[in-house]
Structures are given as structure tokens and as C-alpha cells.
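S.K.:
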Amino acid sequence: MESILEVNKVSKFFGGFTALSGVDLQVQKGERLGLIGPNGSGKTTLINCISGALLNDEGTIHFNGAPISRLPAHRRTKLGIARSFQIPRPFSSMTMLENLLVPLSYVCGITGARAEEEAYQILASMGLKAKALVPTSQLSQVELRKMELARAMAAHPSLLISDEAMAGLAGTEIDEVLQILFDMNSQGITIIMIEHIMQAVMSFSQRVVCLDAGQIICQGTPKEVVANPHVQRAYLGD
Amino acid sequence: MRFWIACLAVVLAATGLVMSGVNEYLFFAGFVVLQAVVLATAWNILGGYAGYVNFGVPAFVGAGAYSALVVHMSLEAPLIVQILAAALISGTLGFLVGVISVRLRGIFFSIATVALVFILETVVINWRYVGGATGLQLTRPGEGWPFDSYTRMLFWVMVIMAVAAIAIARYIQDSHIGRGLRALRDSEEAAECTGVPTLRLKLIACAVSGALLGAAGAPMPMYLSYIEPYSSFNLVYAVSALAMPIIGGMSHWVGPLIGALLLASIQQLVTVTISSELNVLVVGVLLVFFVIAAPDGIVGLYRKWKASSK
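Line by line, the protein sequences give chains V and G. When we follow our numbering, the leftmost residue of the first sequence carries the number 1, and every step to the right adds one. When we follow our numbering, the leftmost residue of the second sequence carries the number 1001, and every step to the right adds one.
#1: Any C-beta of chain V sitting closer than 9 Å to the C-beta of G/V1196?
#2: So with Cβ pairs under 9 Å, would you call G/C1206 a contact of chain V?
#3: Starting from the C-beta of V/A154, find all residues in its chain whose C-beta is less than 7 Å away, skip the five residues before and the five after it, and write them out in chain order.
#4: Which word fits V/H230, buried or exposed, when buried means at least 16 other C-beta atoms lie within 10 angstroms of its C-beta?
#5: If you measure between the beta carbons of G/G1217 and G/S1232, is that distance less than 9 Å?
#6: If you reduce the DSSP assignment to three classes, tell me which class G/L1136 lands in.
#7: Which residues bound the alpha helix (DSSP H) around V/C49?
#8: Using the beta-carbon of each residue, which ones in chain V are nearer than 8 Å to G/D1174?
#9: Three or more C-beta pairs closer than 8 Å, one from the region 1174–1192 of chain G and one from the region 1261–1274 of chain G: is that the case here?
#10: Less than 9 Å separating the beta-carbons of V/P135 and V/T95?
#11: What is the rounded straight-line gap between the Cα of V/V226 and the Cα of V/A213?
#12: At which residues does the alpha helix (DSSP H) containing G/V1123 begin and terminate?
#13: Going by other Cβ atoms of all chains shown within 10 Å of its Cβ, with 16 needed for buried, is G/Q1082 buried or exposed?
#14: Please determine if the region 1064–1072 of chain G and the region 1248–1261 of chain G are in contact, where contact requires at least 3 C-beta pairs separated by less than 8 Å.
#15: Are G/N1054 and G/A1238 touching if we call contact CB-CB under 9 Å?
#16: State the beta-bridge partners of V/L35 as determined by DSSP.
#17: With the cut-off set at 9 Å, would you say G/P1229 and G/A1133 are in Cβ contact?
#18: So with CB distances below 9 Å, who are the chain G contacts of V/A53?
#19: Is it buried or exposed, G/K1304, if we count other Cβ atoms within 10 angstroms and call 16 or more buried?
#20: Apart from the five residues on each side of it in sequence, which residues of its chain come closer than 6 Å, Cβ to Cβ, to V/H62?
#21: Please classify V/A165: does DSSP put it in a helix, a strand, or coil?
#22: Check for me: the alpha helix (DSSP H) holding V/L20 runs from which residue to which?
#23: Residues of the region 1123–1154 of chain G in Cβ contact with chain V at a cutoff of 7 Å, in chain order, please.
#24: Just list the residues that DSSP pairs V/Q219 with in beta bridges.
#25: Which residues in the same chain as G/I1089 place their Cβ atom closer than 8 Å to its Cβ, once the five residues preceding and following it in sequence are excluded?
#26: Should V/Y120 be flagged as near chain G, meaning a C-beta pair shorter than 9 Å?
#27: Just checking: is the beta-carbon of G/A969 within a distance shorter than 9 Å of some beta-carbon in chain V?
#28: Pick from G/G1106, G/A1059 and G/I1107: whose alpha carbon is nearest that of G/L1116?
#29: With the cut-off set at 9 Å, would you say V/K78 and G/G1098 are in Cβ contact?
#30: Per DSSP, which residues does V/E58 bridge with? Please list them.
#31: CB V/E2 to CB V/K43, shorter than 9 Å?
#32: Beta-carbon separation of V/K59 and V/S11 under 9 Å?
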């Protein structure tokens, strides 16, 4: 398989604190990758470095073979990297539809009626069409989570990074979001899923990578990772 | 189309007014009100649309006034050239302020813009060519045809500038630039990660806002026939430029227009009927009232009323 993302020896420091230390990661095209680790292990820092929200201090990141380490986030989005946020960050002065028009206009150059048509299609595919004209301040938690995924979809990504899209959701809501991620993947979108809900990670991921203290301590199939003593120690302690 | 017809009607009405025999004071006071419209509209492009609060309005107004003065003194350039030079210099200044927004956000950005006022004021105070701390007395050049007086001409020019400022603000709001600015105001990180080139948009907003603020300040030396640094860089400009969009509503181009017309007209009335010292009190009282009672301004009140009457 061809790799879509290559992270080589990436490190990130915040003053004297090492958030990431020499992380190596390869993601294949069309793959469903689960990224797990205890709180503070560096998962969000890693995806911030990949999406461009943060610049890595050491190492290189290649996307589709091209170096992207120094590119600003909006350029990476144009190249095909989209993400959702751990705490939803809707454009609160806009409706759900307008939220989607932003990436459609800036990333894909689609405006006017065509953009609205496509935004409605994306919202319909996620069961959100009825809420298209509702201000995001009036949305429930699950709707906000879905809206973030819809907004990411509107950027026509080839890699989607989902940062705890199921946090705080109930059982059926988790299934709905999980189904959306499966649907996206079936359309050829590579997905990196950060999640604390292990059941979701296990059922979704083809491969799981576990981070602890800024380093990858284990990677493999979900079963292999769960059975790994380093992973058990990272989560449960000695 | 209706917008452009309204613009044309305003310009034609203003042209008719300056040709009429109306009392000269109307134009003297009208100039101040229209200047307030330009200042509020310009401020709102950065402060309202992008959420970057610029307290450095006097720096841009003063830079515009002194740029116009220098062009007038050195080249004897006509008013239109003075305004264009002021817009260019202040636009460049705005661009540079935009560059610091890479590092500074929120209150830190605002404090940096205040610092700019004191830096420029100090430079001008120590610049003898433009009169230093004592300022300069100026002789107005003769008014051009078809105006009877220079004040009437300045009023007409300010009408054109106000219409231009509103047209620019409306264009930005309705274009994808406006949507990008709103996105970055709501969440700069999310905007960047959804493909919005936030730095480029901030630079555009800063430069356009700065250019309009400077252009509004350009006719001031000729309007007063006098210029000195303390009133040119007066922080009251900053308070007014911020208060007017807040009172009118910052989410729509019409908000600063309503706020400026309302506030500046009341201030002029107070000046004539009571005392010019009460000007700032009027701003303060109205600002406190609207922040508490109607944080989305008059535009917000109208939207609420419209929604509830459906």
C-alpha cells in the first residue's frame, strides 16, 4: 500500500517540557488508524503538528510525498488534511450551512448556489439537513460533533483527523458518529481517530498506535495493542 | 442595485445641498458627523468583522492628517492627492499592525495599537517641519468650482468618502473575505484548519481599515486651518470609533453607519446647546447603556424584533 502520511522523528517542545519525542508514524492510503494513549501522552500535540496548528521543532512530516512541516494549516487543508477538534469549535456567529460554506469556498473554490447544494448534500448524508439554517449556538453536543465532521468533509479531504469526536456522547450517538466515520472511509478518505472510548477504537481501527509521554510505545492490530504490557502499564500503572 | 441607487441619491442630495444657500454651520457640523461615519465603518472592518479591537485609531487619523499636511507643504498637492497619500501611508501602517497580529491576539493586540498612538505622537511632537508640539497655522487654498466655500467642498468630499467607506465595508462583508473574517473572529484556529488564510485576511482587514481611517483624517488640517499633535492623536477618536459600531451593531455594515449618525449628531447637538465638554460623557453613557441593554446594538435589537414579530 502507498503511504499518505509520513511522520519522521518529530519532536515538539513547550519550553522545557517535551510533548513529542522523535515520533515516527506512517499512515497508508485508505487506512483507518486509531491513536490512543493516556491523557497528556501527546496525541493532540501530534495531530496539531500534522494539521499545522502547531509547527514541529524537530523532524519532518510528508503528505503524499511532499514535505509539509513548514506549511501553515490552511495550506495543509488545501492539500487534503482536514480535522475535527477535541472541544468543538463551530463558527458560532454562523448557521450550520454557513460553517460548511467556509471550507467549500476557501479550499475548493466553490461558491454560490453550487456551494449551498453541496453543503446540503453533506449535511443530508449526516442527518443534519433539517438543522442547516440553525445557528450553531443552538445545536446539541452530538449535532456539534457531526457538524465538525461535516465541515471537515466540505474541505474534500483525503486524510481526516478526528480528535475525540465521540467524547461526551451517549451509546446510540457514538454509533451514529462511528457510522459517519465508516462512511467517510468507504469514500476513500484515510482516517486517524483519536479516541478514549476503547470499544469504538477497537471496532473502527485497522491498526492502533499507542502514545505515552510523547513517544510511540506500541503499534499493531487492536487486539495486539490491547494485549501489550506497555500499553496496559501506560493506562493502568505498575 | 438598491444600494447603489441609494448611494447615488445621497451624493446627488449632498451636491444639491452644497449648492443651496443653507447656513454654513450645517456643513461644518455635517463634516464631523460624516467623518464619524468613515471612522466607525473603517474600525468595524477590523474590530467588528475580524474581532481584532484596534484602540490605535488616533494613530491612523493622525498619520493621515500629517501625511496630507506634508504632501500639501512639500508639493502643494490638491486635496484629492492629500487624501490618497494619507490612505497610502495609513494603509501601510495598518499592514504593519497586521503583521504584529501574528504574535499578538486579544487584549495584547489592542494594547500594542495604543502604543502606536504614543509612538507616532512623540515622533510628530519632535518633528519641526510639521510644527512640532505647537503645530501649524494653515491657509486654505481657494475652493474649486462649483463650491462657494472650502467648508462646503470638504463636506461634499466627506460625503464621497463616507459612501466609499460603506461600499467597501459592504463588499467585504458580503464577499468570501467577510465570511473568512467572521470565521477567524469565531475561532482563529478552526478557521485556519478549514482553509482560511487567516494571516492574509487580517493583513487585508488591517490595511483597508487603516487606509480608510487615514483618509478620514486627511482633510482635518484644512478643515480646521490648523494642526497640532495633541488633538490629531487624541484618544477620543479611539473611544468614538469603538462606541459607534457597538451602539449600531458590529455584525452588519449598517451598524456603524447608524451608530455614527446617532452618536455624532447627538454630540454636535450637545456641543451647540450645552457644552463641548459633555461630548465624551454622551459617548460613555450611551456605550454603557448599549453594552448592558443591547450588546448586539441597534441592528441586533431590530433582528430580535423582526424574529419575534414573525
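Using N, Cα and C, we set each Cβ at its ideal position, and we do this for glycine too.
M.R.: Once the coordinates are examined:
#1: Translated into positions along the second sequence, residue 1196 of chain G becomes position 196. Closer than 9 Å to some Cβ of chain V, the Cβ of G/V1196 qualifies, so yes.
#2: Position 206 of the second sequence, counting from 1, holds the residue named residue 1206 of chain G. False, the Cβ-Cβ gap to chain V never drops below 9 Å.
#3: In the first sequence, counting from the first residue as 1, residue 154 of chain V sits at position 154. So the list reads L100, P103, L104, A119 and I122, once near-sequence residues are dropped.
#4: To locate residue 230 of chain V, count along the first sequence from 1; it is residue 230. V/H230 should be labelled exposed.
#5: Along the second sequence, one-based indexing puts residue 1217 of chain G at 217. Along the second sequence, one-based indexing puts residue 1232 of chain G at 232. Yes, Cβ-Cβ distance for G/G1217 and G/S1232 is below 9 Å.
#6: Position 136 of the second sequence, counted from the first residue, corresponds to residue 1136 of chain G. It is a strand residue.
#7: To locate residue 49 of chain V, count along the first sequence from 1; it is residue 49. Note, V/C49: alpha helix (DSSP H), K43 to S51.
#8: Counted from its first residue, the second sequence places residue 1174 of chain G at position 174. None at all; the shortest Cβ gap to chain V is about 12 Å.
#9: no
#10: For the purposes of this step, residue 135 of chain V is identified with residue 135 of the first sequence, where counting begins at 1. For the purposes of this step, residue 95 of chain V is identified with residue 95 of the first sequence, where counting begins at 1. Taking 9 Å as the Cβ cut-off, V/P135 and V/T95 qualify as a contacting pair.
#11: Translated into positions along the first sequence, residue 226 of chain V becomes position 226. Translated into positions along the first sequence, residue 213 of chain V becomes position 213. Each residue's alpha carbon lies about 18 Å from the other.
#12: Your numbering for residue 1123 of chain G matches position 123 in the second sequence. It spans G1106 to I1125 - the alpha helix (DSSP H) in which G/V1123 sits, taken as one unbroken run.
#13: Working through the second sequence from its first residue, we reach residue 1082 of chain G at position 82. Buried, since its Cβ has 16 or more Cβ neighbours within 10 Å.
#14: no
#15: Taking the second sequence and counting its residues from 1, the one referred to as residue 1054 of chain G is at position 54. Taking the second sequence and counting its residues from 1, the one referred to as residue 1238 of chain G is at position 238. Going by C-beta atoms, G/N1054 is nearer than 9 Å to G/A1238.
#16: The sequence position of residue 35 of chain V within the first sequence is 35, counting from 1. Paired residues: V/I194 and V/V209.
#17: As a first step, residue 1229 of chain G is located in the second sequence; it is residue number 229 there, counting from the start. As a first step, residue 1133 of chain G is located in the second sequence; it is residue number 133 there, counting from the start. Yes, the Cβ-Cβ distance between G/P1229 and G/A1133 is below 9 Å.
#18: For this step, residue 53 of chain V is matched to residue 53 along the first sequence. Simply E1189, E1192 and C1193.
#19: Counting from one through the second sequence, the residue named residue 1304 of chain G turns up at place 304. Answer is exposed; the Cβ neighbour count stays below 16.
#20: Here residue 62 of chain V refers to the residue found at position 62 of the first sequence. Same-chain partners within the cutoff: E6.
#21: Taking the first residue of the first sequence as position 1, residue 165 of chain V is located at position 165. V/A165: coil per DSSP, three-state reduction.
#22: Sequence index remark: in the first sequence, residue 20 of chain V carries index 20 (1-based). Careful: V/L20 lies outside any alpha helix (DSSP H), inside the beta strand (DSSP E) at F17 to Q28.
#23: none
#24: Here residue 219 of chain V corresponds to residue number 219 of the first sequence, with the count starting at 1. BP columns for V/Q219 point to V/V209.
#25: Counting from 1 along the second sequence, the entry for residue 1089 of chain G is found at position 89. Around G/I1089: A1063, G1064, S1067 and G1214.
#26: In the first sequence, counting from the first residue as 1, residue 120 of chain V sits at position 120. No, V/Y120 does not count as interfacial toward chain G.
#27: Residue 969 of chain G falls outside the range modelled here, since chain G spans only 1001 to 1310, and no answer is possible.
#28: Reading the second sequence from its first residue, position 116 is the one you call residue 1116 of chain G. Out of G/G1106, G/A1059 and G/I1107, G/A1059 has the C-alpha closest to the C-alpha of G/L1116.
#29: Translated into the one-based positions of the first sequence, residue 78 of chain V becomes position 78. Translated into the one-based positions of the second sequence, residue 1098 of chain G becomes position 98. Cβ atoms of V/K78 and G/G1098: not closer than 9 Å.
#30: For this step, residue 58 of chain V is matched to residue 58 along the first sequence. Bridge partners of V/E58: V/S11.
#31: Translated into the one-based positions of the first sequence, residue 2 of chain V becomes position 2. Translated into the one-based positions of the first sequence, residue 43 of chain V becomes position 43. No, Cβ-Cβ distance for V/E2 and V/K43 is not below 9 Å.
#32: Taking the first residue of the first sequence as 1, we reach residue 59 of chain V at position 59. Taking the first residue of the first sequence as 1, we reach residue 11 of chain V at position 11. The question names Lys, but residue 59 of chain V is Gly in the sequence shown. A contact, by the Cβ cut-off of 9 Å.
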